[in-house]
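Residue numbers (the numbering used here): 2 to 775.
Cβ atoms here follow ideal geometry from the backbone N, Cα and C, with glycine treated the same way.
The structure appears below as structure tokens.
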């Protein structure tokens, strides 16, 4: 039987569908706070990491042999450096340069504990020698420096060595940034895993939580590889090209810090297996017995991985050197794991609170609150011990850079504890809010059942409603389909597509509607009065005609400017029907999305306790990130105790150098005869009473060149004690140069030094100068 012809008016333009994205506002505002916080946080981290100075010395140079700026009579066999802690020595750790700039050291340097030694060539000339050194302290940080000593008399010129920028430059900056990423990744990996395993097992199946944990793991892997590649340029002060030198990387793997980084990579491989079980079998198992067995296995394996990763820092950082290192390293492991449980757990809680479609149960928040409290107690206890061990005195808080940074960290931790107190208050309110709200709405009976109901997933009962799908032709009218409210837009689209595919048009009651959405535009049925106000279609149908007779009846009529003529019979094609169906489906989906967004906004605004918890946890995470940045800078700063020891050693070395430097005086003379003018320069080291002093005498002419004279003599007189004159036996060793290795002055005081110069048989003069003998 042929379908009845129908007449359609010109289709009215449909209103534009609402945008298919969430509206700009949720409630009264959109939660942009996390993005703003991240921007501020990034600026703070840039200041702390980018503006940080190169790594401070951790192994302080206590003394050298020969001493800095001292003068020795004969060339020593070796140069020895003594540090405040153990050091790692490489093939170019110590270089000795002579007055002419040539290498004076022989063979590779040797290291033994806190001492580094290098042998010298035999037969070294007189003059000033420069020692340039660079070593790696036992806590993995590079240190460098230089000093000079004299053999015989000082040279007029000394060697200028290039600056050794170890631990600084671009390599040092990148090294510090990746160290921070490693700390942050450790906190996210361990803290989020513990949060999901202990506090919120259901969250292990959720994508946002899985991405957070995997992000921490990936951050640790990338930062560890980068640190291993940057070790060479960081330690040697070279360019970044050394990061791709396989020989350099191989050499770093043989050191203690390199072995620690390699161990960290192996532990991260085990961590990947841990995450696979946590997000796979553990998250999908419904059997309580099997889930409990997996939980025990994950707890043991996770503890081993967490402790091992923390040990890769403890074995090469501050805890590994100094006093009580055997106790300090396990304490440092506890400190790092407690930090990760607290700060990483905060990041996991923040992710759960801000993720769309995720609603964390209040019991999980309460469990994390208890875990965080235990972690904070552990942090405080281990932090107090480490602070005492690293500082050594109260004055170090104000007098050392380490102490000042530690004060900043203590202040930030105090602020973090204050914010944690607010979070605990919001958590307590969160636990009481649901029962109170239910009691007000449904009475005491429902309120008592609320805690058990709240432990579920907060899904609630889904509303069911009827959606009528109409059909024309042979399809039965009035067929109904029961779908959930959340599936209504998709059902409407499917019904519309099926209708258009069959070549039928839906009746006015056939469009599916959803709560809060406008019903789609109704398309009149073929042959209805709404589509044929003139009755042409009905007349043609009664006469047994077809749709083709309608245009003939209207022949000779002036067609309108636009659209079909009134009364014309049009058979709608499948393309038009599909277009209308798609528009109705888009309208329904957009309206449903808008309704869901408004429902979420209302639910969020109706839960002030959860909103307050979001804000306080967000503030905690922001401050925690800054605490991590300060901690990263602290690990590259010399501890206060070592700093004070280094200052004391430097002061003693300075006093020793001042004493060993002795006396250096110049005496101009003029005998009155030809060539009788010149300068006599006398050096006495160490210029101390009761010991043997070395004296050097240099005679220069008016042209500044060394010159010999027929005779020169010297003596010392102490007028206050009426001692002297004590003659000095001089030995001529080179042109214009005399020396004496046995100048003994018995008493300290102001001695008068006399120098007699004879330039001819009759031209002679004596010059005197007071010198202090200590």
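* Bridge partner(s) assigned by DSSP for residue 201 -> Residue numbering aside, residue 201 sits at position 200 when the chain shown is read from its first letter. Bridge partners of residue 201: none, in fact.
* To do: Could you give the DSSP three-state label for residue 194: helix, strand or coil?
  => By 1-based counting over the chain shown, the position of residue 194 is 193. Reduced to three states, the DSSP call for residue 194 is helix.
* Asked: Where DSSP assigns a beta bridge to residue 96, which residues make up the other side?
  -> Within the chain shown, the letter at position 95 stands for residue 96. Bridge partners of residue 96: 133.
* the region 637-645 touching the region 395-412, judged by at least three CB pairs closer than 8 Å -> yes
* To do: Starting from the Cα of residue 81, find the closest Cα among 94, 75 and 586 and give me that residue.
  => Taking the chain shown and counting its residues from 1, one reaches residue 81 at position 80. The residue with the shortest Cα to Cα distance from residue 81 is 94.
* Please classify residue 232: is it buried, with 16 or more other beta-carbons within 10 angstroms of its beta-carbon, or exposed? => Position 231 of the chain shown, counted from the start, is the residue given in the question as residue 232. Residue 232 is buried by the Cβ-count criterion.
* With a cut-off of 8 Å on the beta carbons, I'd call residue 352 and residue 202 a contact; round off their distance for me. => Here residue 352 refers to the residue found at position 351 when the chain shown is read from its first residue. Here residue 202 refers to the residue found at position 201 when the chain shown is read from its first residue. Not a contact, Cβ separation roughly 16 Å.
* Asked: Would a C-beta distance cut-off of 8 Å place residue 343 and residue 290 closer than the cut-off?
  -> For the purposes of this step, residue 343 is taken as the residue at position 342 of the chain shown. For the purposes of this step, residue 290 is taken as the residue at position 289 of the chain shown. No, they are not a contact pair.
* **Residue from 693, 103 and 334 with nearest C-alpha to residue 126** => Taking the chain shown and counting its residues from 1, one reaches residue 126 at position 125. Among 693, 103 and 334, the Cα nearest to that of residue 126 belongs to 103.
* Asked: Span of the alpha helix (DSSP H) holding residue 315?
  -> Locating residue 315 in the chain shown gives position 314, counting from the first residue. Counting along the chain, the alpha helix (DSSP H) containing residue 315 begins and ends at 289-315.
* Using a Cβ-Cβ cut-off of 7 Å (strictly less than) and excluding sequence neighbours within five positions of residue 820, which residues of its own chain qualify? -> Beyond the ends of the chain as shown, which are 2 and 775, falls residue 820; an answer cannot be given.
* What's the gap between the Cα of residue 1 and the Cα of residue 427? -> No statement about residue 1 is possible, as the shown extent of the chain runs from 2 to 775 and does not include it.
* To do: Give me the Cα-Cα distance between residue 301 and residue 580, rounded to the nearest whole angstrom.
  => On the chain shown, residue 301 is found 300 positions in, with the first residue counted as 1. On the chain shown, residue 580 is found 579 positions in, with the first residue counted as 1. Distance between the alpha carbons of residue 301 and residue 580 is about 60 Å.
* Inter-residue CB distance, residue 280 and residue 211 (contact presumed, cutoff 8 Å) -> Here residue 280 refers to the residue found at position 279 when the chain shown is read from its first residue. Here residue 211 refers to the residue found at position 210 when the chain shown is read from its first residue. Indeed they touch by this definition, with Cβ atoms about 5 Å apart.
* **The beta strand (DSSP E) enclosing residue 766, as first and last residue numbers** => For this step, residue 766 is matched to residue 765 along the chain shown. Unbroken beta strand (DSSP E) run through residue 766: 765-774.
* Is it true that the CB of residue 137 sits closer than 8 Å to the CB of residue 89? -> Numbered from 1 along the chain shown, position 88 holds the residue referred to as residue 89. Numbered from 1 along the chain shown, position 136 holds the residue referred to as residue 137. Yes, these two residues count as a Cβ contact at 8 Å.
* To do: Take the Cβ of residue 311 as the centre, count every other Cβ of all protein chains shown within 10 Å, and call the residue buried at 16 or more, exposed below.
  => For the purposes of this step, residue 311 is taken as the residue at position 310 of the chain shown. So residue 311 counts as buried.
* Inter-residue Cα distance where the pair is residue 757 and residue 774 -> Along the chain shown, one-based indexing puts residue 757 at 756. Along the chain shown, one-based indexing puts residue 774 at 773. Answer to the nearest angstrom: the Cα atoms are 21 Å apart.
* **Whole-angstrom distance between residue 273 and residue 585, CA atom to CA atom** => Reading the chain shown from its first residue, position 584 is the one you call residue 585. Reading the chain shown from its first residue, position 272 is the one you call residue 273. Taking the straight line from one Cα to the other gives about 47 Å.
* Excluding the 5 residues preceding and the 5 following residue 309 in the sequence, name in chain order all residues of the same chain whose CB lies nearer than 7 Å to its CB. => Within the chain shown, residue 309 is the residue found at index 308, counting from 1. Cβ neighbours of residue 309 beyond the five flanking positions: 268.
* Asked: Ordered along the chain, which non-local residues of its own chain (more than five positions away) have a Cβ less than 7 Å from that of residue 379?
  -> Counting from one through the chain shown, the residue named residue 379 turns up at place 378. Excluding positions up to five away in sequence, the list reads 335 and 339.
* Residue from 98, 113 and 86 whose Cα sits closest to the Cα of residue 107 -> Within the chain shown, the letter at position 106 stands for residue 107. Of the listed residues, the one whose Cα sits closest to residue 107 is 98.
* Mapping DSSP to helix, strand and coil, what is residue 455? -> Start at 1 with the first residue of the chain shown, and residue 455 comes out as number 454. Only weak support exists for where residue 455 lies, its pLDDT of 39 falling under 50; the value from the coordinates is given anyway. It is helical.
* To do: Please state if the CB of residue 148 and the CB of residue 65 are separated by a distance shorter than 8 Å.
  => As a working mapping, residue 65 is identified with position 64 in the chain shown. As a working mapping, residue 148 is identified with position 147 in the chain shown. Result yes, Cβ atoms of residue 65 and residue 148 sit closer than 8 Å.
* Asked: Which residue spans inside the region 221-298 form an unbroken alpha helix (DSSP H) run of at least 4?
  -> 247-254 and 257-278
* Buried/exposed call for residue 745, threshold 16 Cβ in 10 Å -> Here residue 745 corresponds to residue number 744 of the chain shown, with the count starting at 1. Flag for residue 745 reads exposed.
* To do: Go ahead and pull the three-state DSSP assignment for residue 723.
  => On the chain shown, position 722 is the one that residue 723 refers to. It is coil, neither helix nor strand.
* Asked: Based on the DSSP output, what are the partners of residue 685 in its beta bridges?
  -> Position 684 of the chain shown, counted from the first residue, corresponds to residue 685. Answer is 664 and 696.
* If we ignore side chains and look at the alpha-carbon of each, how far apart do residue 331 and residue 316 end up? -> Position 330 of the chain shown, counting from 1, holds the residue named residue 331. Position 315 of the chain shown, counting from 1, holds the residue named residue 316. Near 9 Å, if we compare the C-alpha coordinates of residue 316 and residue 331.
* Asked: For residue 364, which of helix, strand or coil comes out of DSSP?
  -> Working through the chain shown from its first residue, we reach residue 364 at position 363. Note: residue 364 maps to helix in three-state DSSP.
* **Delimiting residues of the alpha helix (DSSP H) encompassing residue 328** => As a working note, residue 328 is residue 327 in the chain shown. 326-340 is the extent of the alpha helix (DSSP H) around residue 328.
* Asked: If you draw a straight line from the C-alpha of residue 188 to the C-alpha of residue 314, how long is it?
  -> Translated into the one-based positions of the chain shown, residue 188 becomes position 187. Translated into the one-based positions of the chain shown, residue 314 becomes position 313. So the two alpha carbons sit approximately 13 Å from each other.
* In angstroms with no decimal places, state the Cα-to-Cα distance between residue 423 and residue 370. => One-based indexing of the chain shown puts residue 423 at position 422. One-based indexing of the chain shown puts residue 370 at position 369. When rounded, the distance between both Cα atoms is 11 Å.
* Between which two residues does the alpha helix (DSSP H) containing residue 400 stretch? -> Within the chain shown, numbered from 1, the residue matching residue 400 stands at position 399. Note, residue 400: alpha helix (DSSP H), 397-400.
* Asked: Is it the case that the Cβ atoms of residue 194 and residue 303 are separated by a distance below 8 Å?
  -> In the chain shown, counting from the first residue as 1, residue 194 sits at position 193. In the chain shown, counting from the first residue as 1, residue 303 sits at position 302. Going by C-beta atoms, residue 194 is nearer than 8 Å to residue 303.
* Simplified DSSP assignment, three categories, for residue 357 -> As a first step, residue 357 is located in the chain shown; it is residue number 356 there, counting from the start. In this structure, residue 357 counts as coil in the three-state DSSP scheme.
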